[in-house]
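Numbering (this note's numbering), first residue to last: 1 to 298.
Don't be surprised by glycine CBs; every beta carbon is placed ideally from N, CA and C.
For clarity, every value in this text was computed on a predicted model and none was experimentally measured.
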């Protein structure tokens, strides 16, 4: 699980749509391009019924996604991406998170060896480190009750804060854990033109590439690398990317530098994302953005 791409977070597939815009045939394209896994961004809490049971129809779609990915030899990270409620109401999140993983673990126990669980995307907001460690411990214990050998990915509070890994409380005896970080620095470059950001929506033409900027990436990653070595924990760069509105040459250069720096430390990674506003593909033609793909794979 070395080179991957994020998929399906904002896609109509979960509501029963097809080709909105992701297609099941895209798994073959992803594999042929040189990726070995996908990170499925699944907003799990949306599909609880009033009794807290996950929608069987949506779980069937999830099964189909796994089937198509596995048929192409791709590993799958199931990322519980639904973090907004957790950032606002930490205590309620703890209960829902345990319920989600209890149902998922019961469904996939003894099945799908190429499936990796990611407990929660980007915990943060109103959560404290203590609250997150508590919720994480309960969710992990829920999984381990049925699946002691399943690979599980965990992130620190505020996943883009490199120093936060030092505040993670992980069970010392559980060596089937991978710690994840995300990276979008400098945000003025990576988020420029983002319609959803009041701070960056009108920012344009910010380039990247100065020696100091390259050194900043090395320095940031070194914080995590030192912790990883001391704790003997593997690291996964689960998200990194720059908006389509960034200058193309700088976008490719930044992407290449982040990917190669991660690889030099032995980290696997997943680019954010296959389609939508950080897209690795062209919106109209659906062809790969070749300079960006080359930056990742070559």
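Considering only the beta carbon of each residue, do residue i and residue j sit closer than 8 Å?
i	j	result
residue 295	residue 255	yes
residue 140	residue 156	no
residue 131	residue 54	no
residue 176	residue 138	no
residue 278	residue 252	no
residue 143	residue 197	no
residue 124	residue 158	yes
residue 4	residue 38	yes
residue 6	residue 270	yes
residue 24	residue 68	yes
residue 152	residue 217	no
residue 135	residue 97	yes
residue 116	residue 76	yes
residue 201	residue 209	no
Below 7 Å CB to CB, which residues in the same chain sit around residue i once its five sequence neighbours on both sides are set aside?
i	result
residue 33	288, 293 and 297
residue 214	257
residue 267	235, 236 and 237
residue 272	6, 239, 240, 241 and 278
Residue range of the alpha helix (DSSP H) that residue i falls in?
i	result
residue 70	56-71
residue 31	26-33
residue 143	129-146
residue 159	That residue, residue 159, is in no alpha helix (DSSP H); it is neither H nor E in DSSP.
residue 190	187-190
Go through its chain and collect everything with a Cβ distance to residue i's Cβ below 6 Å, but skip five positions before and after it.
i	result
residue 121	79, 81 and 83
residue 11	20 and 22
Near residue i, what residues of its chain come up, given a Cβ to Cβ distance below 8 Å and the 5 sequence neighbours on each side ignored?
i	result
residue 107	59
residue 284	none
residue 72	27, 28, 30 and 31
residue 185	160, 216, 217 and 220
What are the boundary residues of the beta strand (DSSP E) that residue i is part of?
i	result
residue 41	37-42
residue 79	75-80
residue 153	152-155
residue 226	Unbroken run through residue 226 is the alpha helix (DSSP H), 211-231; no beta strand (DSSP E).
residue 239	235-240
residue 118	115-118
residue 112	That residue, residue 112, is in no beta strand (DSSP E); it is neither H nor E in DSSP.
Taking the DSSP output, what are the residues bridged to residue i?
i	result
residue 295	Answer is none; residue 295 lacks a bridge partner.
residue 48	54
residue 88	BP columns for residue 88 are empty, so no partner.
residue 5	38 and 271
residue 288	281
residue 257	According to DSSP, which records beta bridges pairwise, residue 257 is partnered with nothing at all.
residue 177	152
Tell me whether residue i counts as near the ligand ZN, meaning its Cβ is closer than 7 Å to at least one heavy atom of that ligand.
i	result
residue 121	For the structure depicted, the ligand ZN is absent and the ligand set is empty, with no information on it obtainable.
Does any CB atom of chain C fall closer than 8 Å to the CB of residue i?
i	result
residue 240	This model lacks chain C altogether; it includes just one protein chain.
**Item:** Three CB pairs or more closer than 8 Å across the region 229-246 and the region 174-184
**Value:** yes
**Item:** Three or more C-beta pairs below 8 Å linking the region 88-96 and the region 17-25
**Value:** no
**Request:** Give a yes or no on contact between the region 241-248 and the region 184-191, applying the rule of three or more CB pairs nearer than 8 Å.
**Result:** Result yes; three or more Cβ-Cβ pairs closer than 8 Å.
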